[in-house]
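Enquirer: Please find one structure pasted underneath; my questions will follow.
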Amino acid sequence: MRDLVVFAIVMGILPTALRRPFVGLVLFSWLAYMRPQDLCWGFARAMRFSFVVALVMLVGWAVHESQARKFWRPDPRTLLMLLLAVFVTISLSMASASIDDGYVMRYYFEFTKIILVALFTTGQIDTRQRLRILLWTVAASLGFYGLKNGFLGFLSGGGTILRGPGGMLEDNNDFALALVMNIPLLYYLGHGETKRWIKRAALAGVFFTMVTVLLTHSRGGFVAMAGTVMFMVWRSGKILQAIGGLILGVAVFFLATPQHVLDRIATIAQGSAESSAGARIKAWGIALRMIEDNPIFGVGLRNFRYNYPRYADNFVEGHDFAYVAHNSYLQVWAEGGSLAFFTYLCLLASVFVSCRWLRRLGRSRADLLWVWNYARMMEATTFGFMIGATFLNRGHFDLIYHWFALVSSLVFVAKREAIVRPAEAPAGAAAGTAPERRVEVRWKRGGAAPLLPRWAR
C-alpha cells in the first residue's frame with residue numbers, strides 16, 4: 000500500500016513539475032530528506048524517483064523557463080561550489096583508483112548531482128514565498144523523523160540505536176548530524192510564523208528531535224547539538240532568560256535521559272582510550288600523512304579507503320574500524336588537496352560573512368525583520384554542521400551544499416526586497432522580534448537601493 004501511495008504522489012506531481020520546475024524542486028527535496036521510498040517494502044523502494052524528478056524539472060526549465068529565468072545565479076557561494084567541483088574532478092582524474100572503480104565513480108556522479116541541484120536552487124528561488132516553502136519542506140521532512148522517533152523513543156525508553164531511513168541519512172551518526180542541523184531550522188521557522196499551532200508544532204519538533212539525536216547514540220551528534228543550542232542562546236539577545244532555560248533543560252536532561260544514553264555520552268571523556276575514539280584519532284593521523292604526500296590535489300574523491308593500507312601502520316585487513324577519515328575537513332583535504340580544502344573553508348566562512356550583513360539589514364527596517372530571523376537560522380544550522388563535521392566523514396553531505404544555495408537565495412531575496420519595498424512598509428507576517436537597537440544601513444545617493452558589499456551584489 001505504501002508503495003502505491005508514494006508512486007501515485009510522485010507520478011501525480013510530475014506533470015506539474017514539468018510545467019513549473021519549482022514544484023519539481025520541492026518534490027525532489029522531499030524525496031531527498033524524508034526519503035518516503037525507504038519507508039516502502041515493495042517495488043517503490045528500488046525506484047529512482049529522485050533521478051526521474053530531477054530530469055523532469057530540468058527539462059521543464061529548458062522548455063518553459065529558460066528564456067525568463069536563469070538556471071543558476073552567480074554569487075560567491077555558487078562560484079565556490081563550481082570551483083570545488085573542478086578541483087574534485089582534477090584530483091579524481093589523477094587518482095590511483097578512479098575511473099575503473101564503480102564505487103568511486105558512483106560517488107563522483109552523486110557529488111556532481113548535489114552541486115547541480117544546489118545551483119538550480121539558486122535560479123528557482125527568487126521570492127520570499129518560494130524560499131519559505133523550500134525551507135519548510137526540508138524542515139518538515141527531517142522533522143518527521145525527529146518527531147516520530149523521538150516520541151516513540153520517549154515512550155519506550157529508547158532501547159535500540161536509532162538510524163536514518165536510507166541514503167546519506169542511513170548511518171546513525173549521519174542521521175544525527177542532519178537532525179542537529181534541523182533543530183535551528185524548525186525553531187526559527189516556527190518563531191517567524193504567526194499561527195500559534197505552527198509555533199507549537201515547531202517547538203514540539205525541536206524537543207523530540209533532540210530526543211532522537213540522543214537515541215542515535217552518536218556522541219558527535221550530541222556534541223554538535225550542545226554546541227548548536229549554545230550558539231542559539233548566544234544569538235538570542237536575551238542571554239539571562241536563555242541561560243535560565245538552558246540550566247532547566249540540562250537538569251531535565253539528566254533526570255529524564257535513560258542510563259544507557261548517559262553511559263554512551265560519558266565515553267567522550269575517555270578520549271583515545273575508547274575503541275572508536277582511538278580509531279578516529281588513528282584515521283586523522285593517516286589523513287595527515289596523505290595530505291603531506293599529496294598536498295595539492297590529494298588522493299582523489301573516495302580514494303581514502305583505497306590508500307588507507309599504504310599509510311596505516313601494521314595494517315590488517317578487516318581489523319581496522321573503518322577506512323574513512325572520520326573528519327569532514329580532513330576528508331576534503333586528503334581526497335581533494337589543499338586547493339579544494341581552502342575552497343571548502345571559504346564556502347563555510349561565506350555563510351557567516353553574508354549572515355552578518357543580513358542581520359544588520361534585517362534590524363534596520365521593520366519590514367525586513369524576517370531577514371534577521373532567517374539569518375540567525377542560517378548561521379546556527381551551519382555552525383551545527385561544522386561541529387558535527389569534526390567527527391564525521393560528511394564532506395560531501397548533500398544538505399550542506401543545498402544549504403549554501405539557500406543562503407545565496409536569502410541574500411538575493413533580501414536584497415531585492417530592500418530595493419523594492421519602501422522603508423516605511425509595515426512589518427511582514429513572519430517578522431519575529433528584533434532587539435531595540437537599530438543598525439544604520441547606508442543607501443546609494445539618489446536612489447533607494449542599499450549600498451551592498453561586493454560579495455552580496
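According to numbering that gives the first Met the number 0, the residues represented by the sequence shown are 0 to 456, in order.
Where a beta carbon is used, it is the ideal one built from N, C-alpha and C, also for glycine.
Could you check whether Pro20 and Met467 sit closer than 8 Å to each other, using their CB atoms as the reference points?
Expert: Outside the displayed range of the chain (0 to 456) lies residue 467, so it cannot be described from this structure.
Enquirer: What residues in its chain sit with their C-beta under 7 Å from that of His63, if we drop five residues either side in the sequence?
Expert: Within the sequence shown, the letter at position 64 stands for residue 63. So the list reads Arg18, once near-sequence residues are dropped.
Enquirer: How big is the Cα-Cα spacing for Val4 and Thr342?
Expert: The count along the sequence shown starts at 1 and reaches residue 4 at position 5. The count along the sequence shown starts at 1 and reaches residue 342 at position 343. Straight-line Cα distance between these residues: approximately 42 Å.
Enquirer: Taking only three categories from DSSP, how would you classify Cys345?
Expert: Here residue 345 corresponds to residue number 346 of the sequence shown, with the count starting at 1. Here Cys345 sits in helix by DSSP.
Enquirer: Determine the direct distance from the alpha carbon of Ala53 to that of Phe340, and round the result to whole angstroms.
Expert: Within the sequence shown, numbered from 1, the residue matching residue 340 stands at position 341. Within the sequence shown, numbered from 1, the residue matching residue 53 stands at position 54. Their backbone Cα atoms lie some 29 Å apart in a straight line.
Enquirer: Here's a check: name, in chain order, each residue in its chain whose Cβ is nearer than 7 Å to the Cβ of Glu169, leaving out the five neighbours to either side.
Expert: Within the sequence shown, numbered from 1, the residue matching residue 169 stands at position 170. Answer for Glu169: Arg162 and Gly163, listed in chain order.
Enquirer: Any idea what DSSP makes of Lys198, helix, strand or coil?
Expert: For the purposes of this step, residue 198 is taken as the residue at position 199 of the sequence shown. It is helical.
Enquirer: In the DSSP assignment, find the alpha helix (DSSP H) that holds Glu416 and state where it starts and stops.
Expert: Working through the sequence shown from its first residue, we reach residue 416 at position 417. Element bounds for Glu416: Asp397 to Val419.
Enquirer: Taking all protein chains shown into account, do 16 or more other C-beta atoms lie within 10 angstroms of the C-beta of Asp312, making it buried, or fewer, making it exposed?
Expert: In the sequence shown, residue 312 corresponds to position 313, counting from 1. Exposed, since its Cβ has fewer than 16 Cβ neighbours within 10 Å.
Enquirer: Have a look at Ile114 and Leu83 and give me their C-alpha separation to the nearest angstrom.
Expert: Translated into positions along the sequence shown, residue 114 becomes position 115. Translated into positions along the sequence shown, residue 83 becomes position 84. Taking the straight line joining both Cα atoms gives about 9 Å.
Enquirer: Short of 7 Å in beta carbon distance, which residues of its chain neighbour Cys354, apart from the five on each side in sequence? Order them along the chain.
Expert: On the sequence shown, residue 354 is found 355 positions in, with the first residue counted as 1. Ala374, Met377 and Glu378.
Enquirer: Note the first and the last residue of the continuous alpha helix (DSSP H) segment covering Pro20.
Expert: Taking the first residue of the sequence shown as position 1, residue 20 is located at position 21. That run of the alpha helix (DSSP H) goes Pro20 to Tyr32.
Enquirer: For the region 217–226 against the region 389–407, are there 3 or more C-beta pairs whose distance is under 8 Å?
Expert: Touching, yes.
Enquirer: Helix or strand or just coil, what does DSSP make of Trp40?
Expert: Locating residue 40 in the sequence shown gives position 41, where the first residue counts as 1. Coil at Trp40, not helix or strand.
Enquirer: Grouping DSSP H, G and I as helix and E and B as strand, with all else coil, what is Gln66?
Expert: Here residue 66 refers to the residue found at position 67 when the sequence shown is read from its first residue. Reduced to three states, the DSSP call for Gln66 is coil.
Enquirer: So what does DSSP say about Met289, is it helix, strand or coil?
Expert: The residue given as residue 289 occupies position 290 in the sequence shown. DSSP places Met289 in helix when its eight states are reduced to three.
Enquirer: For Arg72, does the three-state DSSP call read helix, strand or coil?
Expert: Residue numbering aside, residue 72 sits at position 73 when the sequence shown is read from its first letter. Three-state result, Arg72: coil.
Enquirer: Which one of Ala413, Phe119 and Phe27 has the shortest CA to CA distance from Leu360?
Expert: As a first step, residue 360 is located in the sequence shown; it is residue number 361 there, counting from the start. Of the listed residues, the one whose Cα sits closest to Leu360 is Ala413.
Enquirer: Mapping the DSSP letters down to three states, classify Gly387 as helix, strand or coil.
Expert: One-based indexing of the sequence shown puts residue 387 at position 388. Helix.
Enquirer: Nearest to Glu291 by alpha carbon, out of Tyr107, Pro308 and Ser337?
Expert: Mapped onto the sequence shown, residue 291 falls at position 292. Closest by alpha carbon: Ser337.
Enquirer: According to DSSP, is Thr126 helix, strand or coil?
Expert: Residue 126 sits at position 127 when you count from the first residue of the sequence shown. In this structure, Thr126 counts as coil in the three-state DSSP scheme.
Enquirer: Between the alpha carbons of Trp496 and Tyr310, how many angstroms are there, rounded?
Expert: Residue 496 lies beyond the range of the chain shown here (0 to 456); nothing can be said about it.
Enquirer: Count the other CB atoms, across all protein chains shown, that sit within 10 Å of the CB of Ala138; report buried if there are 16 or more and exposed otherwise.
Expert: Position 139 of the sequence shown, counted from the first residue, corresponds to residue 138. Flag for Ala138 reads buried.
Enquirer: Where Trp29 and Arg362 are concerned, what is the direct C-alpha to C-alpha distance, given to the nearest angstrom?
Expert: Position 30 of the sequence shown, counted from the first residue, corresponds to residue 29. Position 363 of the sequence shown, counted from the first residue, corresponds to residue 362. One C-alpha to the other measures close to 32 Å.
Enquirer: DSSP on Thr193, reduced to helix/strand/coil?
Expert: Working through the sequence shown from its first residue, we reach residue 193 at position 194. Coil at Thr193, not helix or strand.
Enquirer: By the 10 Å Cβ neighbour count, where 16 or more other Cβ atoms means buried, how is Phe119 classified, buried or exposed?
Expert: The count along the sequence shown starts at 1 and reaches residue 119 at position 120. Buried: at least 16 other Cβ atoms inside 10 Å.
Enquirer: Using CA atoms only, rank isn't needed, just tell me which of Thr380, Phe396 and Ala417 is closest to Asp366.
Expert: As a first step, residue 366 must be located in the sequence shown, where it is residue number 367. It is Ala417 whose Cα lies nearest to the Cα of Asp366.
Enquirer: Apart from the five residues just before and just after Lys69, which ones in its own chain have a Cβ nearer than 8 Å to its Cβ?
Expert: The count along the sequence shown starts at 1 and reaches residue 69 at position 70. Correct list, in chain order: Gly122.
Enquirer: CA-CA distance, Arg127 and Leu409?
Expert: Stepping through the sequence shown from its first residue, residue 127 is reached at position 128. Stepping through the sequence shown from its first residue, residue 409 is reached at position 410. Spanning the two alpha carbons is a distance of roughly 8 Å.
Enquirer: Does DSSP put Phe207 in a helix, in a strand, or in coil?
Expert: If you number the sequence shown from 1, residue 207 lands on position 208. Of the three classes helix, strand and coil, the one that applies to Phe207 here is helix, per DSSP.
Enquirer: Contact check, Tyr186 vs Val205 under 8 Å by CB: the rounded distance?
Expert: For the purposes of this step, residue 186 is taken as residue 187 along the sequence shown, with counting starting at 1. For the purposes of this step, residue 205 is taken as residue 206 along the sequence shown, with counting starting at 1. At roughly 5 Å, the Cβ-Cβ gap stays under 8 Å, so Tyr186 and Val205 are in contact.
Enquirer: Using only the heavy atoms of the ligand PLP, determine whether one of them is closer than 7 Å to the beta carbon of Gly149.
Expert: Absence of the ligand PLP is noted for the structure shown, with no ligands found whatsoever.
Enquirer: Tell me which residue opens and which closes the alpha helix (DSSP H) that Asn306 is part of.
Expert: As a working mapping, residue 306 is identified with position 307 in the sequence shown. Phe303 to Tyr310 is the span of the alpha helix (DSSP H), which, as asked, contains Asn306.
Enquirer: Counting pairs of beta carbons, one from the region 392–404 and one from the region 166–182, are three or more of them closer than 8 Å?
Expert: Output reads yes: the region 166–182 touches the region 392–404.
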